[in-house]
Amino acid sequence: MSRLFCIVPRKIEKARANSVSGWNGEMIFTVVAALGAALCWAVGGMISVEPSRVLGALAFNRLRMSIVTAMLWLMALLTGAWHALRPEMFGALVLSGVVGILLGDTLLFAGLRRVGPRRNAVVFATNAPMTVLLAWLFLGDTLAPVAAGGCLLVTIGVVIAILFGKRRAQIHQWEAVQGPLWQGIAFGLAAALCQALGVLIAKPVMQHGVDPVAASAVRTAVSAVVLTLWFLLPASRRYAGPKLNWRLVGRVALSGAIGMALGMTLLLQALATGEAGLVATLSATSPILVLPVLWAVTRERPAGWAWLGAALAVAGTSCLFIA
87 MSRLFCIVPR KIEKARANSV SGWNGEMIFT VVAALGAALC WAVGGMISVE PSRVLGALAF
147 NRLRMSIVTA MLWLMALLTG AWHALRPEMF GALVLSGVVG ILLGDTLLFA GLRRVGPRRN
207 AVVFATNAPM TVLLAWLFLG DTLAPVAAGG CLLVTIGVVI AILFGKRRAQ IHQWEAVQGP
267 LWQGIAFGLA AALCQALGVL IAKPVMQHGV DPVAASAVRT AVSAVVLTLW FLLPASRRYA
327 GPKLNWRLVG RVALSGAIGM ALGMTLLLQA LATGEAGLVA TLSATSPILV LPVLWAVTRE
387 RPAGWAWLGA ALAVAGTSCL FIA
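Counting from 1 along the sequence shown, just add 86 to a position and that's the residue number in our numbering.
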């Protein structure tokens with residue numbers, strides 16, 4: 087679920103330099119890979135619903151981050167991604183991991199278990215405009231009129247999808263709200279804010295050409311270690327969740343493998359061959375792609391307002407990347 091592609095400016099510059107025009111083989115591969123990454127994030131979110139509701143957000147995130155960390159460290163070792171990391175970079179990556187992944191992903195899964203994958207995906211789309219606005223406020227980045235309009239579109243899309251995105255005939259448990267709706271939305275917005283802050287904290291490090299896989303491995307490792315240490319404290323026992331079984335572990339591992347390992351691999355492949363704006367826009371289509379997948383799995387057609395809200399959110403995100 088964590089959209090780690092947001093912290094790859096060096097890869098983006100390389101992609102811009104190597105971009106190609108026309109619908110040749112590379113362009114087709116880029117489009118397929120970018121959409122595949124978005125689909126992986128959508129599917130990973132749906133796989134996460136049941137185990138996150140059973141285990142709770144903290145226990146689920148600890149297990150998921152531990153598994154994903156092992157995957158990313160193996161990927162980094164196999165690809166030689168560690169060479170650009172220097173000791174002075176670890177501080178920013180550690181802080182970015184604590185804010186963006188430890189807090190961000192825990193809040194994200196807390197929202198997921200309360201409002202389901204459709205609402206959660208569209209609420210989390212606000213992390214892109216939050217990143218733009220924070221960069222404008224604190225880093226002095228320019229806020230173009232197109233980007234400001236994009237932020238407004240995302241906001242309108244989220245409101246529409248949340249308030250009007252469910253038909254009365256939809257009775258699947260993934261459309262059920264557990265607890266107050268505002269609470270789940272608040273968790274999702276807080277997760278998006280943490281993700282945006284984590285991106286900005288990591289940005290200076292990524293501008294030095296650090297491989298995103300290595301950076302992500304450090305960030306997830308910090309989260310896994312902190313959560314593991316926290317669960318050793320007596321006060322954490324109430325959040326430990328039920329006893330693990332192989333079915334639960336398997337679903338958590340599958341969500342991590344699809345949502346982070348495979349999703350990130352496809353995204354990096356797309357960035358290596360395509361123009362960054364195109365890749366960023368296509369990979370941000372998860373709120374739309376989750377709808378046909380939900381339709382196929384639940385056999386319940388999403389409401390027209392859900393499609394409209396998701397489309398507006400994606401259109402707004404696209405404006406941020408082309409501004």
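We treat Cβ as the ideally placed atom computed from N, Cα and C, and that holds for glycine.
Source: prediction; values computed, not measured.
Best match in HIS169, SER138, LEU181 and GLY243 for proximity to ALA307 [C-alpha to C-alpha]: As a first step, residue 307 is located in the sequence shown; it is residue number 221 there, counting from the start. Considering only alpha carbons, the answer is LEU181.
Since THR228 is in the alpha helix (DSSP H), which residue starts that stretch and which ends it? Within the sequence shown, the letter at position 142 stands for residue 228. THR228 -> no alpha helix (DSSP H), and no H or E assigned at all.
Taking the alpha-carbon positions, what's the VAL224 to ILE287 distance? Here residue 224 corresponds to residue number 138 of the sequence shown, with the count starting at 1. Here residue 287 corresponds to residue number 201 of the sequence shown, with the count starting at 1. Sequence inspection shows Phe at residue 224; the Val mentioned does not correspond to that position. Straight-line Cα distance between these residues: approximately 11 Å.
Check whether the stretch 351-369 and the stretch 382-393 touch, using three or more Cβ-Cβ pairs below 8 Å as the test. no
Counting beta carbon pairs with one atom in the stretch 216-236 and one in the stretch 149-168, are three or more of them shorter than 8 Å? no
Contacting residues, own chain, Cβ-Cβ under 6 Å from LEU239 (five flanking each side not counted): For the purposes of this step, residue 239 is identified with residue 153 of the sequence shown, where counting begins at 1. Cβ neighbours of LEU239 beyond the five flanking positions: LEU398, ALA401 and GLY402.
Should GLY295 go down as buried or exposed, given a rule of 16 or more other Cβ atoms within 10 Å for buried? The residue labelled residue 295 in the question sits at position 209 within the sequence shown. GLY295 is exposed by the Cβ-count criterion.
Just checking my contact of GLY270 with VAL201 at CB under 8 Å: how many whole Å lie between their CB atoms? What you label residue 270 is simply residue 184 of the sequence shown in a count that begins at 1. What you label residue 201 is simply residue 115 of the sequence shown in a count that begins at 1. Contact flag correct, Cβ pair sits at about 4 Å.
How many angstroms separate the CA atom of ARG333 from the CA atom of PRO137? Counting from one through the sequence shown, the residue named residue 333 turns up at place 247. Counting from one through the sequence shown, the residue named residue 137 turns up at place 51. For ARG333 and PRO137, the distance between alpha carbons rounds to 9 Å.
What does the Cβ neighbour count give for THR217, buried or exposed, with the cut at 16 atoms within 10 Å? Here residue 217 corresponds to residue number 131 of the sequence shown, with the count starting at 1. Result: buried.
GLU112 by DSSP, collapsed to three states: which one? Your numbering for residue 112 matches position 26 in the sequence shown. Three-state DSSP puts GLU112 in a helix.
Simplified DSSP state of THR212, which is helix, strand or coil: Stepping through the sequence shown from its first residue, residue 212 is reached at position 126. DSSP places THR212 in coil when its eight states are reduced to three.
Locate the alpha helix (DSSP H) running through LYS289, then write down its first and last residues. The sequence position of residue 289 within the sequence shown is 203, counting from 1. Run containing LYS289: 267-292, per the alpha helix (DSSP H) assignment.
Are the CB atoms of LEU171 and ALA300 nearer to each other than 8 Å? Taking the first residue of the sequence shown as position 1, residue 171 is located at position 85. Taking the first residue of the sequence shown as position 1, residue 300 is located at position 214. Their beta carbons are under 8 Å apart, which means LEU171 touches ALA300 by this criterion.
Are the beta-carbon atoms of LEU193 and ALA276 separated by less than 8 Å? Numbered from its first residue, the sequence shown carries residue 193 at position 107. Numbered from its first residue, the sequence shown carries residue 276 at position 190. In contact: LEU193 and ALA276 (Cβ atoms closer than 8 Å).
Going by alpha carbons, who is nearest to ALA272 out of ALA382, ILE248 and PRO373? Position 186 of the sequence shown, counted from the start, is the residue given in the question as residue 272. Nearest C-alpha to ALA272: ILE248.
Three-state secondary structure (DSSP) of GLU261: Looking up residue 261 in the sequence shown gives position 175. Reduced to three states, the DSSP call for GLU261 is helix.
Alpha helix (DSSP H) segments (min. 4 residues) lying fully within the stretch 358-393: 362-369 and 372-384
With DSSP as the reference, label GLY295 as helix, strand or coil. Position 209 of the sequence shown, counting from 1, holds the residue named residue 295. In the three-state reduction of the DSSP assignment, GLY295 falls in the coil class.
Taking ILE133 as the reference, give the member of ILE242, ILE344 and ALA358 with the closest Cα. What you label residue 133 is simply residue 47 of the sequence shown in a count that begins at 1. Ranking ILE242, ILE344 and ALA358 by CA distance to the CA of ILE133 puts ILE344 first.
Does the Cβ-Cβ distance between VAL312 and LEU220 come in under 8 Å? Here residue 312 refers to the residue found at position 226 when the sequence shown is read from its first residue. Here residue 220 refers to the residue found at position 134 when the sequence shown is read from its first residue. No, the pair does not count as a contact, with Cβ atoms beyond the cut-off.
For the alpha helix (DSSP H) containing GLY177, name the first residue and the last one. Walking along the sequence shown from the start, residue 177 turns up at place 91. Counting along the chain, the alpha helix (DSSP H) containing GLY177 begins and ends at 176-182.
Return the CA-CA distance between GLY177 and VAL185, expressed in angstroms with no decimal places. Residue numbering aside, residue 177 sits at position 91 when the sequence shown is read from its first letter. Residue numbering aside, residue 185 sits at position 99 when the sequence shown is read from its first letter. Whole-angstrom Cα-Cα distance: 12 Å.
Just to confirm my understanding: we take LEU121, look at its own chain, exclude 5 residues before and 5 after, and list those with CB closer than 8 Å. What are they? By 1-based counting over the sequence shown, the position of residue 121 is 35. Result list for LEU121: LEU368, SER369, THR371 and LEU375, in chain order.
In whole angstroms, what separates the C-alpha of SER322 from that of TRP316? The residue labelled residue 322 in the question sits at position 236 within the sequence shown. The residue labelled residue 316 in the question sits at position 230 within the sequence shown. Cα to Cα, the separation comes out at about 7 Å.
Note down the Cα distance separating PHE115 from THR241, rounded to an integer number of angstroms. One-based indexing of the sequence shown puts residue 115 at position 29. One-based indexing of the sequence shown puts residue 241 at position 155. Their backbone Cα atoms lie some 31 Å apart in a straight line.
Which of helix, strand or coil does DSSP assign to ASN331? For this step, residue 331 is matched to residue 245 along the sequence shown. Here ASN331 sits in coil by DSSP.
Cα separation between MET151 and VAL304? The residue you call residue 151 lines up with position 65 of the sequence shown. The residue you call residue 304 lines up with position 218 of the sequence shown. Answer to the nearest angstrom: the Cα atoms are 11 Å apart.
Whole-angstrom distance between GLY142 and LEU125, CA atom to CA atom: The residue you call residue 125 lines up with position 39 of the sequence shown. The residue you call residue 142 lines up with position 56 of the sequence shown. Taking the straight line joining both Cα atoms gives about 24 Å.
Closest by C-alpha distance to ALA382, when choosing among TRP260, TRP222 and LEU348: In the sequence shown, counting from the first residue as 1, residue 382 sits at position 296. Here the closest residue by C-alpha is TRP260.
Through-space distance from TYR325 to ILE408, alpha-carbon basis: To locate residue 408, count along the sequence shown from 1; it is residue 322. To locate residue 325, count along the sequence shown from 1; it is residue 239. For ILE408 and TYR325, the distance between alpha carbons rounds to 43 Å.
Alpha carbons only, please: which of ARG139, ASP227 and ALA123 is nearest the one belonging to GLY265? Counting from 1 along the sequence shown, the entry for residue 265 is found at position 179. For GLY265, the nearest C-alpha among the options comes from ARG139.
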